[in-house]
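K.L.:
A single structure is presented below for examination.
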Amino acid sequence: MHPHLHTKDNAGCEEVMVALEECHARGFMWKAMGMCNDAKEDLVKCLRAERLKSQHANRSGAQEKRDKIRQRWKDIDANS
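One point on numbering: in full-length UniProt numbering, the residue at position 74 of the sequence shown is 74, and numbering is uninterrupted.
Structure representation (structure tokens):
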């Protein structure tokens, strides 16, 4: 697996990554015959779910920040 995938953000997919690495370690023919496709599909689904969680958290944080800024501007406009 790529080193950048083994991060704290993808900790929930660690066992799926290990399963895919073990499948790939069986050799080229094993991969070429499509024996690792299920493991790869599981990894793709897991990484997508982790990314969606991260996006949701980022979006929520950004919305809160925008709301605070709007409130500050309302306070500034009201006091001017």
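Even for Gly, the Cβ is constructed at its ideal location relative to N, Cα and C.
So what's C36 in DSSP terms, helix, strand or just coil?
P.N.:
When secondary structure is reduced to three states using DSSP, C36 falls in the coil class, being assigned neither helix nor strand.
K.L.:
Taking Cβ positions, are G35 and C23 nearer each other than 8 Å?
P.N.:
One detail in the question is off: residue 35 reads as Met in this sequence, not Gly. In contact: M35 and C23 (Cβ atoms closer than 8 Å).
K.L.:
Taking the straight line between their C-alpha atoms, what separation do you get for C13 and K40?
P.N.:
12 Å
K.L.:
Leaving aside the five residues before and after K8 along the sequence, list all residues of the same chain whose C-beta is less than 8 Å from its C-beta, in chain order.
P.N.:
none
K.L.:
Where do the ends of the alpha helix (DSSP H) carrying A19 lie?
P.N.:
14-25
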